[in-house]
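*Asks:* Dropping a structure here in structure tokens format, bear with me for questions.
Protein chains: 2
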Amino acid sequence: MEPLKATEGSPQKGKDVKSRLTELRGRLREIHDLQAAAALLGWDQRTYMPPGGAGARAQQIGTLQRLAHEKFTDPAIGRLLDELRPYEESLPYDSDDASLIRVTRRDYERAIRIPPAFKDEFDGNAAITYQVWTRARAEDDFAAVQPYLEKTLELSRQYAAFFPEAEHLIDPLIAIVDEGITGAYLTQLFAELQASLIPMVRAIVGQPEPDDSCLHQHFPADRQLAFGLQVIRRIGYDLDRGREDLSEHPITTTIALDDVRITTRVRENYLPGALFGSLHEAGHAIYEQNIRKELEGTPLGRGATYGVHESQSRLWENLVGRSRAFWEFFYPQLQAVFPDQLGRVPVDTFYRAINRVKPGFFRVEADEVTYSLHCAMRFQLEVDLLDGRVAVRDLPEVWRERFHQTFGFAPTTDRDGVLQEMNWYCGRIGGLYQHFTLGNLMSVLWFEAAAQAHSEIEAEMAHGEFGTLRNWLAQTIHTHGRKFTIPELIDRTVGGPLTSSAYLRYLKRKYGELYGVSFQ
Amino acid sequence: MEPLKATEGSPQKGKDVKSRLTELRGRLREIHDLQAAAALLGWDQRTYMPPGGAGARAQQIGTLQRLAHEKFTDPAIGRLLDELRPYEESLPYDSDDASLIRVTRRDYERAIRIPPAFKDEFDGNAAITYQVWTRARAEDDFAAVQPYLEKTLELSRQYAAFFPEAEHLIDPLIAIVDEGITGAYLTQLFAELQASLIPMVRAIVGQPEPDDSCLHQHFPADRQLAFGLQVIRRIGYDLDRGREDLSEHPITTTIALDDVRITTRVRENYLPGALFGSLHEAGHAIYEQNIRKELEGTPLGRGATYGVHESQSRLWENLVGRSRAFWEFFYPQLQAVFPDQLGRVPVDTFYRAINRVKPGFFRVEADEVTYSLHCAMRFQLEVDLLDGRVAVRDLPEVWRERFHQTFGFAPTTDRDGVLQEMNWYCGRIGGLYQHFTLGNLMSVLWFEAAAQAHSEIEAEMAHGEFGTLRNWLAQTIHTHGRKFTIPELIDRTVGGPLTSSAYLRYLKRKYGELYGVSFQ
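Here it is as structure tokens:
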């Protein structure tokens, strides 16, 4: 047999589209497998790893991530993407192949902007800053972590500078997790939210406080967990393709689309923690479990963006899990599990208790009404830090001032203020808070769109049936994986740009009714 | 500053030994991290992975192993090893650096003999054969797996042929796991063992059977596990650097030298399974936990060979765990855990029960006296298969014949015969059984050497103290990791070649006493 001859000058020319796609997919699959292994190592680190494993584990995860990054920034990937451009342009925008090539190119072009030496410095600073923060927080000692946070800010600015075409420094940092969303858009969005929510919170705080003492009793951990598991199974988290374990901070980890795990934590003296935590993580997990299997092993085979992910967790946690219809079905079951604690507590008292609005220091414990105000303040601080309007050393004080402007009181310690959560101490400032609020907005939009398309959804919820809602989400959002950005998804599902109007309308209606107040 | 100039023709020449060693260690560390990740994926597969994860998991492990192999066979490693040879030769044989270079070279030279395409075929055949075997065993259908086993035999021969300098086809297959041991040596060893053990078994079978009904009662799983955990912690398995979980087949998995995990399984109607299984695995784990940390991340940072590993597991399971001294301390505790089941059973009855000799079909359930006879038969079959004296299609029949020759009876099904265990159905024939017997031999040799060096060991055991024994093993065997082959280790510890004499003497003394028989 004659060997195939390469035509002059181009050894690639003989290759056809199919073989190039196969090569691209093979390379992406290998990278994906490395990332999946790193994900399992991370899950194990938080669940079952014995204390002795900690040192080697950080190194092992680092090696896998570095190899994945090396393989993804291989110029061969760029060449394949270039060669596949005519094919991509010949296909519908939302086809699997066009989306694969488009999204992979976007990721690739972002990845190769970052010089390896910078990445090493960036990752190294992240690791050490996190370590220093854990001590600084325990000791309420912001000064200890301040130089590391200054370095983090400097590196975040340097990162952004690799994308000089961006309108604002924060844009490339947001794009890491929420492609298609800009700082300018968020600045306006958060200002609008503050204008509506701050007066709402003031009006609510002026009302009599609902009694939530029913939630502060002794609830044995094993029964809390068993009940939570039953609930998330019922909403559609598939435990043959997932599992729930305990960890200090709840997380969702995707090892494969058929192996999506969640964790939760339990406090025996407060009922909502584990229950709503499980619902939240199950929302993330149901999203990943319903991505089309054909997208697995590629950059399309996961949730679209952090904001979209958060929309799914918040939808199940709040729109479903804190609704009256949901508890019509589940409250008698919960009473049966905790007869001494809840047997004589009416469902309405319970419903009001789990929806109590009470401004507090901590974002992660915030109710639906105050939640986005915490995010607004943090987003604005990110912009001000990046722009140099706020210096890191002044952050504790500025935090207190702005918190006071928002809520009318302020934390006296930094542990309850700027040190309260890890986010900024993990190596980056910028792009760390918008997704929670974007998620809130989209959770309402999509829940209402589903309810409009299927008027039976609320009645089904009251009977413990969630299939119609879940299928709508699966077919409208989940199935596409990472094909679309937030603006694209909004445009495809409900039309128009993403605004705060539906979200604010929802909050005003629900909390107006709960507190007997009529909001503007 | 002037840049360093490379001298003529050799860009390597400027490099010194230190930078080469650093580069070699860096490359080996990366490979090690990939293997550690694959190990965790394997552990998770057997313990917590939800059923849905199975498909992706096989692919993920395959990718990690392939990458590790690619990186290990990189010619740069061969070059570094060549460049480091003068340095190696300037050092004592047993120094860390000389051992690292020597053992890495041995592994490297073995690895590069195997063409990548052959490796892919070999690994692919292993995966499919194992799958077919699980069905074939369930359905007692040897014919279903026969063609795959024929392919396995052919591939095993081809593998061996990549080492044409070997005296016998089985030698390169043994060297994969027990470097320094040859087929010729084992042929003689197993013949000697059969000559002694077959008459021993016949003599024992002629005696009245000890009553082991005390072991066949209902023992709740949670109490079995709690007791077992207490025992293995006491012998020195460090649970801050390990953990015990449940799995279908007990395994030990090293994720890092400070993260060595074991699994066990429990049968509620038979006490010894979980207990001795845990002791066995803890023996493996204690070995790895006591390897010097300086060797971690290199080919030296694990157990020396499979045979040496098995010596440690068998030592704790049998020499310690089935000894009278051990139960002097632990039996009252066991009685306290199971007062209804064992409260009125004297320790001597229990001791005789756990040491009952009873020929049976299954190697994994065999007692100390019959165990090596199962291995002898399998080793001889491996040789005969490789030499073509036995054909795969005749294996079921030949199995029955040889089993009958050994034990005087034979299984009627292949499920109880040639299909009983996975070993040959995992891609290779040859080198799969010698290590169990080598382990038995060395377990006795080293236990006796320790007891000779420290006469207090037996008295300590009777008081539940194991520190002297464990420290002797740690300092004499464990600490060296993979520095030495079996012959080297035997020579360094007890002198001379490895023979069966101490092992047979031990069996004759222990079982002569138990059964009131005087063996030749």
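Going down the list, the protein sequences come from chains V and F.
With my numbering, letter number 148 in the first sequence gets 148, and the count goes up by one each step, no holes.
Take any residue in the second sequence, note its place counting from 1, add 520, and you have its number in my numbering.
By construction, the Cβ of each residue, glycine as well, lies at the ideal position given by its N, Cα and C atoms.
Just so it is clear, the structure is predicted and the values come from calculations on it, not from any experiment.
Using a Cβ-Cβ cut-off of less than 9 Å, give me the residues of the region 41-58 of chain V that come near chain F, in sequence order.
*Replies:* Within the region 41-58 of chain V, the residues whose Cβ lies closer than 9 Å to some Cβ of chain F are Leu41, Trp43, Asp44, Thr47, Tyr48, Met49, Pro50, Pro51, Gly52, Gly53, Ala54, Gly55, Ala56, Arg57, listed in chain order.
*Asks:* Can you name the residues of chain V whose CB is closer than 9 Å to the CB of Glu550/F?
*Replies:* Those within 9 Å of Glu550/F in chain V are Thr63, Arg66, Leu67.
*Asks:* DSSP state of Ala886/F, grouped into three classes?
*Replies:* Three-state result, Ala886/F: coil.
*Asks:* Could you have a look at Thr1013/F and say whether DSSP puts it in helix, strand or coil?
*Replies:* Note: Thr1013/F maps to helix in three-state DSSP.
*Asks:* The beta strand (DSSP E) spanning Glu244/V covers which residue range?
*Replies:* Glu244/V -> beta strand (DSSP E) spans 244-246.
*Asks:* What does Ala37/V touch in chain F if you count any residue whose Cβ is under 7 Å from its own?
*Replies:* Within 7 Å Cβ-Cβ: Ala557, Leu561, Gln580, Leu584.
*Asks:* Counting beta carbon pairs with one atom in the region 790-799 of chain F and one in the region 67-80 of chain V, are three or more of them shorter than 8 Å?
*Replies:* At 8 Å Cβ cutoff, the stretches do not touch.
*Asks:* Under a CB-based cut-off of 9 Å, is Asp33/V close to chain F?
*Replies:* Judged by the 9 Å Cβ criterion, Asp33/V is in contact with chain F.
*Asks:* Tell me where the alpha helix (DSSP H) around Val398/V begins and ends.
*Replies:* Where Val398/V is concerned, the enclosing alpha helix (DSSP H) stretches over 395-407.
*Asks:* Per DSSP, Asp211/V is paired with what?
*Replies:* Partner(s): none; Asp211/V has no beta bridge.
*Asks:* Just reading off the alpha helix (DSSP H) that Val867/F is part of, what are its end residues?
*Replies:* From DSSP, the alpha helix (DSSP H) with Val867/F extends over 867-874.
*Asks:* Does Ala256/V come out as helix, strand or coil in the three-state DSSP assignment?
*Replies:* Three-state result, Ala256/V: strand.
*Asks:* Between Arg781/F and chain V, is any beta-carbon pair separated by less than 9 Å?
*Replies:* Yes, Arg781/F counts as interfacial toward chain V.
*Asks:* Quick one: what does DSSP say Arg909/F is sitting in, helix, strand or coil?
*Replies:* In the structure shown, Arg909/F sits in coil (DSSP, three-state: anything other than H, G, I, E or B).
*Asks:* So for Ile286/V, helix, strand or coil by DSSP?
*Replies:* Residue state, collapsed to three classes: helix.
*Asks:* With distances taken from CA atoms, which of Thr957/F, Thr869/F, Glu985/F, Ser975/F is nearest Ser1021/F?
*Replies:* With distances taken between Cα atoms, Ser1021/F lies closest to Thr957/F.
*Asks:* Could you work out which residues of chain V lie near Ala776/F, taking near to mean beta carbons separated by less than 8 Å?
*Replies:* Gly52, Gly53, Gly55, Ala56, Arg57, Gln60, listed in chain order.
*Asks:* So does the region 1027-1038 of chain F actually touch the region 862-881 of chain F, counting three or more Cβ pairs closer than 8 Å?
*Replies:* Yes, since at least three Cβ pairs between the region 1027-1038 of chain F and the region 862-881 of chain F fall closer than 8 Å, the two stretches touch.
*Asks:* Start and end of the alpha helix (DSSP H) containing Lys1003/F?
*Replies:* Run containing Lys1003/F: none; DSSP gives neither H nor E here.
*Asks:* Rounded to the nearest angstrom, what separates Val903/F and Gly950/F at their Cα positions?
*Replies:* Approximately 7 Å between the Cα atoms of the pair.
*Asks:* Express the C-alpha separation of Gly1001/F and Gly821/F in angstroms, rounding to a whole number.
*Replies:* Using only the alpha carbons, I get a separation of about 5 Å.
*Asks:* For Thr1019/F, does the three-state DSSP call read helix, strand or coil?
*Replies:* Thr1019/F falls in the coil class under three-state DSSP.
*Asks:* Please tell me whether Phe870/F and Trp847/F are closer than 9 Å, where the distance is taken between their beta carbons.
*Replies:* The answer is yes: Cβ separation under 9 Å.
*Asks:* Bridge partners of Ile262/V, per DSSP?
*Replies:* In DSSP, Ile262/V forms a bridge with Glu244/V, Thr252/V.
*Asks:* Is the CB of Asp238/V under 9 Å away from at least one CB in chain F?
*Replies:* Yes - at least one Cβ of chain F is within 9 Å of the one on Asp238/V.
*Asks:* Identify every run of the alpha helix (DSSP H) within the region 456-480 of chain V, keeping only runs that are complete inside it and at least 4 residues long; order them along the chain.
*Replies:* Segments of the alpha helix (DSSP H) lying fully in the region 456-480 of chain V: 457-462, 467-476.
*Asks:* Please confirm if the region 432-450 of chain V is in contact with the region 287-300 of chain V, defined as three or more CB-CB distances below 8 Å between the two stretches.
*Replies:* Verdict: no, contact absent.
*Asks:* What is the residue span of the alpha helix (DSSP H) that Lys71/V lies within?
*Replies:* Run containing Lys71/V: 54-72, per the alpha helix (DSSP H) assignment.
*Asks:* Between Phe662/F and the rest of its own chain, which residues show a CB-CB distance below 7 Å, the 5 nearest in sequence each way excluded?
*Replies:* If we look at Phe662/F and ignore the five residues flanking it on each side, its Cβ neighbours are Ala656, Pro916, Asp934, Val938, Leu939.
*Asks:* Would a check of beta-carbon distances place Asp765/F closer than 9 Å to chain V?
*Replies:* Yes, its Cβ sits closer than 9 Å to a Cβ of chain V.
*Asks:* Can the beta-carbon of Ile775/F be found less than 9 Å from the beta-carbon of Ala982/F?
*Replies:* Result no, Cβ atoms of Ile775/F and Ala982/F do not sit closer than 9 Å.
*Asks:* Kindly list the residues whose CB is nearer than 7 Å to the CB of Phe484/V, restricted to its own chain and excluding five residues on each side of it in sequence; keep chain order.
*Replies:* Taken in chain order, the residues that qualify are Ala304, Arg492.
*Asks:* Please report how far the alpha carbon of Leu601/F lies from the alpha carbon of Arg625/F, in whole angstroms.
*Replies:* For Leu601/F and Arg625/F, the distance between alpha carbons rounds to 6 Å.
*Asks:* Any Cβ of chain F within less than 9 Å of the Cβ of Glu296/V?
*Replies:* Yes, because at least one Cβ of chain F sits closer than 9 Å to the Cβ of Glu296/V.
*Asks:* Just mark Ala282/V as buried or exposed, buried being the case when its beta carbon has 16 or more other beta carbons within 10 Å.
*Replies:* It is buried - the Cβ of Ala282/V has at least 16 other Cβ atoms within 10 Å.
*Asks:* For the region 91-98 of chain V against the region 110-122 of chain V, are there 3 or more C-beta pairs whose distance is under 8 Å?
*Replies:* Result no; under three Cβ-Cβ pairs closer than 8 Å.
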